[in-house]
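There are 2 protein chains.
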Amino acid sequence: MASMNDVARRAGVSIATVSRVLNNSSSVNEETRLKILKAIKELKYQPSRVAKRLRSKGGPGNLLGVLIPDIQNPFYVDVLRGIEDIAYKNNYVIIVCNFSQDEKKEAMYLDILESEAIDGLIAAPASEDDVRVKKMVQNGLPVVCVDRGLNGIDVDVVWVNNDAGAFAAVDYLAKAGYKRIGHIAGLPTIPSSRLREAGYRRALAENNLPFDPQWLVYGNSTYKSGVELAEKLLSLPTPPDALFTGNNLITLGALETIHKRKLHIPNDVAIIGFDDMNWSNSLNPPLTAVRQPAYEIGQRAGELLIQRIRDPKRAPIQMTLNSELMVRGSC
Amino acid sequence: MASMNDVARRAGVSIATVSRVLNNSSSVNEETRLKILKAIKELKYQPSRVAKRLRSKGGPGNLLGVLIPDIQNPFYVDVLRGIEDIAYKNNYVIIVCNFSQDEKKEAMYLDILESEAIDGLIAAPASEDDVRVKKMVQNGLPVVCVDRGLNGIDVDVVWVNNDAGAFAAVDYLAKAGYKRIGHIAGLPTIPSSRLREAGYRRALAENNLPFDPQWLVYGNSTYKSGVELAEKLLSLPTPPDALFTGNNLITLGALETIHKRKLHIPNDVAIIGFDDMNWSNSLNPPLTAVRQPAYEIGQRAGELLIQRIRDPKRAPIQMTLNSELMVRGSC
DNA sequence: GATACAAATGTAAACGATTTCATGAAACAC
DNA sequence: GTGTTTCATGAAATCGTTTACATTTGTATC
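Chains as they are written, first to last, in UniProt numbering: chain Z, 1 to 331; chain A, 1 to 331.
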């Protein structure tokens with residue numbers, strides 16, 4: 001790899017001049033300018049982003065960190081896609097850190113990101129009291145949260161109205177005549193899980209349905225937890241006649257259990273899931289789901305982050321996107 | 001962020017000694033050693049990976065590039081997971097480059113990766129004649145290919161036996177009595193697509209089924225292409241009575257079309273897909289599919305890459321994992 | 001007691017860029 | 001002709017490491 005020095009030598013100028021041409025920072029004679037450009041082409045010179053990053057901290061290192069809790073979850077993959085699209089368009093690359101809901105792994109990744117001198121971070125923190133992420137914000141690193149906020153700290157957030165989305169789903173079930181609506185919730189440490197649970201409870205209350213604690217179970221937001229908790233609910237003496245599942249993976253896991261038990265949806269048990277997938281229509285039966293605009297969440301987060309990198313003093317924005325109930329055949 | 005200089009000052013030694021302690025590269029007095037460790041702790045010093053990478057090229061910068069064609073494809077997400085697991089265990093982080101099957105974007109990303117001074121690359125190149133990836137191999141960068149190889153270049157590859165997997169699927173359909181087996185193939189520029197097509201043709205031949213070109217269509221391996229090409233095949237005067245779909249997304253797209261047309265699987269049309277998903281069982285009906293061990297592919301690729309970084313002269317390995325036909329209800 | 005060697009540490013150059021400051025030449029005003 | 005700008009460029013410091021080389025001290029060898 002040719003360095004700036006090689007280019008300078010070849011063009012017969014100093015590296016300072018080369019740098020000036022590259023950043024057209026100040027006036028340089030047109031003739032030398034062309035000489036330098038020629039040399040750059042001939043040597044196929046490419047500036048080293050590493051050197052640039054080391055030298056000008058706080059300057060544009062063009063590197064972002066993305067911290068997500070579970071890359072198996074299609075929701076985060078879509079968010080990631082949105083981020084990547086925006087990042088790429090702005091000449092940023094992203095380091096993907098999947099911490100698999102493991103706080104130790106999360107901490108390790110945050111250390112590394114700091115050490116990599118990233119320009120900004122998009123994170124779905126492990127909890128809203130996530131000390132490590134909070135500290136990074138306080139240290140002045142541009143941060144945008146997705147799906148979850150941070151307690152007591154003003155930070156950009158992009159999310160959906162989880163409470164309203166959950167309410168819409170459960171309300172729909174109630175109005176459709178289901179009386180024993182169960183809920184498989186995600187990790188209670190995750191704010192969005194709690195908000196969805198709140199929506200669930202509120203919908204029960206407003207429809208005068210009793211809340212029965214045995215029908216509310218908590219898992220860790222994985223496929224496996226969906227399988228097992230559905231098993232648990234459906235084995236009850238009086239099992240729910242409808243399920244509201246807290247996310248993508250839980251839904252798919254629950255479906256697995258329902259099918260294994262040869263139960264008919266929606267006659268034996270109805271189901272509405274939080275998170276839509278573009279193949280929800282091909283499920284058996286087509287799944288009714290609360291759609292989060294995941295890709296768009298990623299895009300918005302990416303845009304906010306790049307904005308904040310350029311203007312660190314902009315006041316924090318909390319962006320709430322709308323969820324939408326996609327009614328299909330599963331209830 | 002504290003630097004090595006700060007540590008040195010605090011411990012009353014020179015930065016060289018600090019560096020020696022950190023890399024325990026040569027003997028340093030136990031007493032000063034402890035002093036330094038204490039200073040490191042007090043200052044919460046963390047070495048800068050950027051500076052390290054700049055200084056010692058070829059040394060361990062602990063940064064890998066991953067170049068994948070389509071992050072929407074669950075197959076690659078699983079591969080990515082496998083890579084990430086291994087990378088994380090070895091203190092590497094990965095820059096994820098999703099080029100969305102766009103060669104220009106791929107080229108741009110490769111430039112950037114070079115400029116980021118990555119230690120190694122795991123790539124699913126756009127084609128087996130991918131000039132840019134080839135050049136990186138020739139330049140001595142450790143590279144492992146997944147899912148696809150490179151023509152005329154000896155390079156580590158991890159993939160499955162695509163031909164055999166496809167054969168097994170189509171052979172199964174034939175033996176089950178289907179006579180008009182259609183195939184929605186992926187991009188013919190992708191080696192794995194061609195191998196799957198070869199397996200398809202071979203299975204037809206060995207079962208004495210005529211090959212009808214109108215039942216073989218090519219798309220770009222996306223969900224959308226699955227929707228549209230299934231539409232095309234099923235609109236033929238004599239439509240296929242069974243479909244073999246070339247990948248994950250094509251399968252899901254084809255299912256969408258089949259359901260939209262209210263066709264019954266497998267009575268109206270049977271389907272076997274390449275690529276399994278852990279929720280295949282929840283599809284309508286449970287999907288028969290050729291399973292690729294995607295997560296394991298990622299792990300193996302990660303291991304090979306780290307090996308190669310440590311020993312660049314090791315002879316290239318081509319690792320072929322087994323695919324498996326998961327028979328369920330869709331045929 | 002001079003020489004040699006090992007251990008412990010420091011000095012300074014390098015990696016590849018950016019950026020401040022200095023310098024020289026040309027242009028202009030008086 | 002001297003002084004002041006302006007334009008074009010170069011020299012050198014800097015970012016935070018690693019590492020080749022130099023230096024100091026203590027100890028073993030003859």
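Where is the CB? At the ideal position from N, CA and C, for every residue including glycine. Just so you know, these numbers come straight off a predicted model, no measurement behind them.
Which residues in the same chain have their Cβ closer than 8 Å to the Cβ of residue i, if we skip the five residues on either side of it in sequence?
i: residue 332 (chain Z); result: With chain Z represented from 1 up to 331, any question about residue 332 (chain Z) goes unanswered, as that position is not in the structure.
i: Arg314 (chain A); result: Gln307, Arg308
i: Gly149 (chain A); result: Glu128, Val155, Val157, Trp159, Pro191, Gln318
i: Tyr172 (chain Z); result: Ile272, Thr288, Leu325, Val327, Cys331
i: Val227 (chain Z); result: Gly253, Ala254, Glu256, Thr257
Between residue i and chain Z, is any beta-carbon pair separated by less than 8 Å?
i: Leu283 (chain A); result: yes
i: Glu114 (chain A); result: yes
i: Leu252 (chain A); result: yes
i: residue 352 (chain A); result: Coverage of chain A is limited to positions 1 through 331, which leaves residue 352 (chain A) absent and any answer about it impossible.
i: Trp279 (chain A); result: yes
i: Ile71 (chain A); result: yes
Should residue i be labelled buried (16 or more other beta-carbon atoms within 10 Å of its own) or exposed?
i: Tyr31 (chain Z); result: What sits at residue 31 (chain Z) in the sequence shown is Glu, not Tyr. Exposed is the call here.
i: Pro188 (chain A); result: exposed
i: Thr257 (chain A); result: buried
i: Gly120 (chain A); result: buried
i: Pro125 (chain A); result: buried
i: Gln214 (chain Z); result: exposed
i: Leu236 (chain Z); result: exposed
i: Ser192 (chain Z); result: buried
i: Leu304 (chain Z); result: buried
i: Gly152 (chain Z); result: exposed
i: Asp111 (chain Z); result: exposed
i: residue 392 (chain Z); result: Limits of chain Z in this structure are 1 at one end and 331 at the other, which puts residue 392 (chain Z) out of reach.
i: Arg261 (chain A); result: exposed
i: Asn281 (chain A); result: buried
i: Asp268 (chain Z); result: exposed
i: Arg300 (chain Z); result: buried
i: Leu34 (chain Z); result: exposed
i: Thr238 (chain A); result: exposed
i: Val93 (chain Z); result: buried
How far does the beta strand (DSSP E) with residue i in it reach, from first residue to last?
i: Gly120 (chain A); result: 120-123
i: Arg291 (chain Z); result: 288-291
i: Leu321 (chain Z); result: 318-321
i: Phe244 (chain A); result: 242-245
i: Met326 (chain A); result: 324-326
At least one CB of chain A closer than 8 Å to the CB of residue i: is that the case?
i: Tyr172 (chain Z); result: no
i: Ile272 (chain Z); result: no
i: Ala166 (chain Z); result: no
i: Asn98 (chain Z); result: yes
i: Ala117 (chain Z); result: yes
i: Tyr223 (chain Z); result: yes
Tell me which residues share the same chain as residue i and place their Cβ nearer than 6 Å to its Cβ, disregarding the 5 neighbours each side in the sequence.
i: Asp78 (chain A); result: Ala294, Tyr295
i: Leu195 (chain Z); result: Asn162, Asp163
i: Thr288 (chain Z); result: Ile272, Val327, Arg328, Ser330, Cys331
i: Asn207 (chain A); result: Ala174
i: Gly199 (chain Z); result: Asp163, Ala166, Phe167
i: Ile68 (chain Z); result: Tyr76, Asn98, Ala124
i: Arg180 (chain A); result: Pro240, Asp241
With a threshold of 7 Å (Cβ to nearest heavy atom), would residue i be considered close to the ligand ZN?
i: Val227 (chain A); result: Ligands displayed in this structure: none; no statement on the ligand ZN is therefore possible.
What does a CB cutoff of less than 7 Å around residue i pick up in its chain, not counting 5 residues either side in sequence?
i: Pro74 (chain A); result: Asn248, Met277
i: Glu103 (chain Z); result: Ala126
i: Ala2 (chain A); result: Leu43, Lys44, Tyr45
i: Asn90 (chain Z); result: Ile306
i: Ile40 (chain Z); result: Val7
i: Ile265 (chain A); result: Ile258, Ile271, Pro285, Ser330
Which residues mark the beginning and the end of the alpha helix (DSSP H) in which residue i is found?
i: Gly226 (chain Z); result: 223-234
i: residue 373 (chain A); result: Given a span of 1 to 331 for chain A in the structure shown, any question on residue 373 (chain A) remains unanswerable.
i: Asp171 (chain A); result: 162-175
| request: Residues of the stretch 73-96 of chain A with a CB closer than 9 Å to any CB of chain Z: list them in chain order, please. | output: Under the 9 Å Cβ criterion, the stretch 73-96 of chain A contributes Pro74, Val77, Asp78, Leu80, Arg81, Glu84, Asp85, Tyr88, Asn91, Val93, Ile94, Ile95, Val96.
| Residues in the UniProt domain "HTH lacI-type" (2-56) of chain Z with C-beta within 8 Å of chain A's C-beta atoms, listed in sequence order? | Answer set for the UniProt domain "HTH lacI-type" (2-56) of chain Z: Gln46, Pro47, Ser48, Arg49, Val50, Ala51, Arg53, Leu54.
| Closer than 9 Å, Cβ to any Cβ of chain Z: which residues of the stretch 255-266 of chain A, in chain order? | Of all residues in the stretch 255-266 of chain A, Leu255, Glu256, Ile258, His259, Lys260 have a Cβ within less than 9 Å of some Cβ in chain Z.
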